[in-house]
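Asker: Note that this note's numbering has the sequence shown beginning at 2, numbered continuously upward.
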Amino acid sequence: MSFFVWTESMSVGVEEFNNHHKKLIELINKLFDAMSEGQGKTVIGDILQELLKYTEYHFSAEEAKMKELGYPAYPGHQAEHQKFVEEVTKLYRKYQGGDLFLSVDTLNFLKDWLNKHILQTDMAYKPFFTNKGIK
Ligand SMILES: [Fe+2]
Ligand SMILES: [Fe+2]
Numbered sequence: 002m003s004f005f006v007w008t009e010s011m012s013v014g015v016e017e018f019n020n021h022h023k024k025l026i027e028l029i030n031k032l033f034d035a036m037s038e039g040q041g042k043t044v045i046g047d048i049l050q051e052l053l054k055y056t057e058y059h060f061s062a063e064e065a066k067m068k069e070l071g072y073p074a075y076p077g078h079q080a081e082h083q084k085f086v087e088e089v090t091k092l093y094r095k096y097q098g099g100d101l102f103l104s105v106d107t108l109n110f111l112k113d114w115l116n117k118h119i120l121q122t123d124m125a126y127k128p129f130f131t132n133k134g135i136k
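#1: Out of Q97, A65, D106, which one is the CA nearest neighbour of V44?
#2: Helix, strand or coil for A62? Go by DSSP, reduced to three states.
#3: For the alpha helix (DSSP H) that P76 lies in, which residues bound it at each end?
#4: For the segment 16 to 33 and the segment 80 to 92, state whether three or more C-beta atom pairs, one from each stretch, are separated by less than 8 angstroms.
#5: Measuring from each Cβ to the nearest heavy atom of ligand 3, keep the ones under 5 angstroms and list them in chain order.
#6: Could you tell me the alpha carbon to alpha carbon distance between K31 and I48, rounded to whole angstroms?
#7: Measuring CB to CB, does K136 end up less than 8 angstroms from E57?
#8: What residue range is occupied by the uninterrupted alpha helix (DSSP H) comprising S37?
Spelled out as structure tokens, the structure:
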């Protein structure tokens, strides 16, 4: 059983974004496994960086679609994205600087944030995109 599992209840109705979310979940699991196995700094640092890059890629894709279609809740959604990118950037820097030992708490933070963001903030755009015919 993986640390974090995507379920149908997390579907935001847009296939591209569901796939992005699955990939983000996969990266968090990869990080969890590397931590559990006691992998070295290079391996863990690389996964953290990959997670950061993919997070930025996914957020940009969502933001572009929201802007393109005039999604009214865009500003708040974008602000949440930005805050998370800042948090993960901080984690990455601390880790690289040797000031952070990756713990279950850190992994739980990443998991809980993403889970909550998908189920609440992303889910809020589902009816809007569905009405615009986006699948
Ligand atoms: Fe989002
Ligand atoms: Fe998302």
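Every residue, glycine too, gets a C-beta built ideally from N, C-alpha and C. The structure presented is a predicted model; accordingly, all values stated were derived computationally and were not measured.
Answerer: Put simply:
#1: Q97
#2: helix
#3: Unbroken alpha helix (DSSP H) run through P76: 75 to 97.
#4: Cβ pair count under 8 angstroms is below three, so no.
#5: You won't find ligand 3 in this model; what it holds is ligand 1 and ligand 2.
#6: 7 angstroms
#7: no
#8: 16 to 37
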